[in-house]
Amino acid sequence: MLSKFSISARANIISISLSLLATFLITVILILLIGKNPLPVFGTMFSEVFFSGYGIGQTLFKATPLIICGCGLAFCFHAAIFNIGAEGQLNAGAFTMALIALKLDWLPWYLTIIVCIIVSFGVSAFFGLIPAIIKIKKSVSEVITTIMMNFIIMALINYFLVDFFAAKSSMHTEKISDNLMLMKFSSMFSFFQGSSLNICFLIALALAFISYIIIYKTKFGYEIRAVGFNPSASKYIGTSSDRIIILTFIIGAGITSLTGLNFVMGYKGFYEYGFSNNVGFTAIAVALLARNNPIGIIFSSILFGVLDFGGLAVNDMVPKEIVLVVQGVIILTILSINTIVDKKYNLKR
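Residue 332 in my numbering is what sits at position 206 of the sequence shown, and the numbering runs on without skipping anything.
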């Protein structure tokens, strides 16, 4: 007889496989509807992504912030908290990281980076704490508050950036010191020559493994999942749902700030308004596709990295909006197929 874990694992594999298959078929139909041949489109996409070191490096570079944000959101989603404010939270953290790096460049580089990580984590966590408190005190849905927080945060950043911290005639901060820049893979392996992939990718992988251990192998992770499964029943094991809501919001939002490492310290060297390009929203689909499993998030992030970089590679063959449509289709197929598969296996998540 199959254990509950085996049934759940099988349901996950079937659900994800069917979601990807359905998305692929719908994408083929979309390309045919705009009068293009899918074969050369997919051929070009795959050759550009997988058959060159630059393509692989760029794909992993684009997957890195998705892994980070996806792990942050996974903490919230396991507690049945639909935090969709990651876009604002990660921008707040990255902006803070750039400012701290500029002000503290007189410190040894490793101390500056540590302070940048701690402070930016705290700022992002603060903006995650606000909707958590509103949810607990006033029972206001976090969906509404986190949406509004995105607008508030981006408006605040725009104001402070333009009026106080922007480099002349730009929408970005001054460039940080070169000794604070993270090492790129191309400096170690010529195979990745020209790509922006940096060691933040390894940090993202470590974060995913740590998140997996916390969520599935610790008492705290058990409490998070218990609250997500049934908040009322979790009281009988001594778990306060309010405490879990606050902690998961703080941890989830704080983790998103680490995307600043990839862009500010690993790529450009400064914070640029709008740099995230909706990573915070795309990470929702990434986490859902992986069913909030941090290890699965690594692979779903790479898939979205393939779509992102591959979409650029076929820009002259199909409209770039096709990639956005495909990302939306993935979300719809995941949600619908998950429901069907869970019902078939009599699973409640």
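The beta carbon of each residue, even a glycine, is placed where N, CA and C say it ideally should be.
Just so you know, these numbers come straight off a predicted model, no measurement behind them.
- Taking the C-beta atoms as reference points, T222 is found no nearer than 8 Å to L230.
- Residue burial is scored here from C-beta neighbours: S462 has fewer than 16 other C-beta atoms within 10 angstroms and is therefore classed as exposed.
- Non-local C-beta neighbours of L144 in its own chain, meaning closer than 7 Å and more than five positions away in sequence, comprise I463, ordered along the chain.
- Distance from the Cα of I278 is smallest, within the candidate group A293, E398, F253 and F318, for F253.
- For A205, the secondary structure class from DSSP, reduced to helix, strand or coil, is coil.
- Cβ-Cβ distances below 6 Å link I325 to L308 and M309 in the same chain, with the five nearest sequence neighbours on each side left out; the list follows chain order.
- Residue burial annotation: E447 is exposed, with fewer than 16 other C-beta atoms found within 10 angstroms of its C-beta.
- Between C242 and I226, the beta carbon gap of about 5 Å places them in contact (Cβ cut-off 8 Å).
- About 6 Å separates the Cβ atoms of M391 and L306, confirming a contact at the 8 Å cut-off.
- Taking I260 as reference, the option from F375, L282, I240 and F247 with the minimal CA-CA separation is F375.
- Taking the Cα positions, T153 is about 6 Å away from V452.
- Under the DSSP assignment, S337 falls in the alpha helix (DSSP H) whose first and last residues are C326 to K343.
- In the three-state scheme derived from DSSP, where H, G and I count as helix and E and B as strand, T365 is classed as coil.
- Each residue's CA atom was taken as its position, placing R417 and G406 some 17 Å apart.
- For M280, the enclosing alpha helix (DSSP H) covers residues E268 to F286.
- Residue burial annotation: L186 is buried, with at least 16 other C-beta atoms found within 10 angstroms of its C-beta.
- With 16 or more other Cβ atoms from the protein chains shown falling within 10 Å of its own Cβ, I157 counts as buried.
- Distance from the CA atom of F318 to the CA atom of S178, rounded to whole angstroms, is 8 Å.
- The DSSP assignment places no complete beta strand (DSSP E) segment of no fewer than 3 residues inside the segment 182 to 258.
- Shown here, A359 sits in a helix according to DSSP, grouped into three states.
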